[in-house]
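Counting with numbering that gives the first Met the number 0, you get residues 0 to 252 for the letters of the sequence shown.
Note that the Cβ used here is the ideal one computed from N, Cα and C, for glycine as well.
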Amino acid sequence: MNQSNASESDTDALPIAVVEPALVGDLTEADILSRVLHRDGLMLVIDKPAGLPVHRGPKGGPNLENSFRFLQYGLPRAPVLAHRLDRDTSGCLVLGRHRKATASLGLLFKHSRISKTYWAVVEGGPEADAGVIDMPLGRLNAERGWWMKPDPEGLPSVSNFRVLGRGGGMAWLALEPVTGRTHQLRVHTSASGYPIVGDNIYGNGPRFGEPTLHLHAREIVIPISKNKDPVRVVAPMPPHLQQRMRACGWNGE
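Structure below.
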């Protein structure tokens, strides 16, 4: 992992990265199978694409769950979500393959036994190279649904951060949510003064077009079996993050 800084002149010389096209339909069988990162008797971990919601919305439309029927691998039922990621977040997403496994995974997530590391590119960046964001969060208001805000009377919310690189007025962060509040990392970084690039709710991202949200569920560690080592899964970097990641010193690994 390259943690060196990149100058603005280095940034200007970077080739234009290939951007993932907007997703306009459900994933095909080949698409979803190609995104399986881990499979065992209890669970699957897939590489969720950015731009596709995990659930069917109230107005319908494409969603990731529509493709789970292709992931049965001989079992009588399709796998189900053990947790969720925002529509515009990419990376590691865990599915339970049967009811008992899904219940076990649910308890692991509930009690913060599953370790998650996200990579993000933020505007500006923290002064320190590592630290903790301890900031309670509450619902913004009833009309905004899942949108959140810093709230001294809200639920305890803690995120760890490390700066992995800087450049071009941005920083590349590894973010570890200790708690699992809705939009936690997005609110924590924005309220700390360095919103995630492309965040069109809490940051300065456009409503449509580039840049899209630069938040990727990079790694997940799951202690699913008592007598085996935890399962560790890493998701590759999607195309839409790569140009700005390289500006911050990422070397492609």
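Give the DSSP bridge partners of residue i, in chain order.
i: ASN140; result: Partner(s): none; ASN140 has no beta bridge.
i: LEU92; result: ILE45
i: SER66; result: Its beta-bridge partners do not exist; DSSP assigns none.
i: HIS97; result: DSSP lists no partner for HIS97.
i: GLU28; result: None, per the DSSP bridge assignment.
i: GLU252; result: Looking at the DSSP assignment, GLU252 forms no beta bridge with any residue, so it has no partner.
i: PRO52; result: Note: PRO52 sits in no beta bridge, so no partner.
i: MET134; result: MET134 is not bridged to any residue.
i: PRO176; result: SER158
Mind checking whether residue i and residue j have CB atoms under 8 Å apart?
i: LEU174; j: ALA234; result: no
i: SER180; j: LEU172; result: Reading the sequence as shown, one finds Arg at residue 180 and not Ser. No, they are not a contact pair.
i: VAL93; j: MET147; result: no
i: ARG34; j: ASP46; result: yes
i: ILE113; j: LEU106; result: no
i: THR88; j: ALA29; result: no
i: MET134; j: ALA246; result: no
i: VAL121; j: THR188; result: yes
i: TYR117; j: ARG217; result: yes
i: LEU63; j: PRO52; result: yes
i: ILE266; j: SER103; result: Residue 266 is absent from the model: the chain starts at 0 and stops at 252.
i: LEU136; j: SER156; result: yes
i: GLY123; j: GLY248; result: no
i: GLY40; j: ARG98; result: no
i: PRO125; j: ALA190; result: no
i: SER66; j: ASP128; result: no
Helix, strand or coil: which one does DSSP assign to residue i?
i: LEU36; result: strand
i: ARG231; result: strand
i: SER191; result: coil
i: GLY73; result: coil
i: VAL186; result: helix
i: ALA127; result: coil
i: LYS225; result: coil
i: PRO238; result: helix
i: LEU212; result: coil
i: LYS115; result: strand
i: LEU107; result: helix
i: ARG255; result: The first residue shown for the chain is 0 and the last is 252, placing residue 255 beyond what the model contains.
Here's the rule: buried if 16 or more other CB atoms are within 10 angstroms of the residue's CB, otherwise exposed. What is residue i?
i: VAL196; result: buried
i: ALA100; result: buried
i: TYR72; result: exposed
i: PRO20; result: Note on PRO20: pLDDT 40, under 50, position unreliable in the model; no value is reported.
i: ARG185; result: buried
i: HIS110; result: exposed
i: LYS227; result: exposed
i: ARG55; result: exposed
i: LYS58; result: exposed
i: THR27; result: exposed
Minimum length 3: unbroken beta strand (DSSP E) runs contained in the segment 149-174:
Listed in chain order, they are 157-166.
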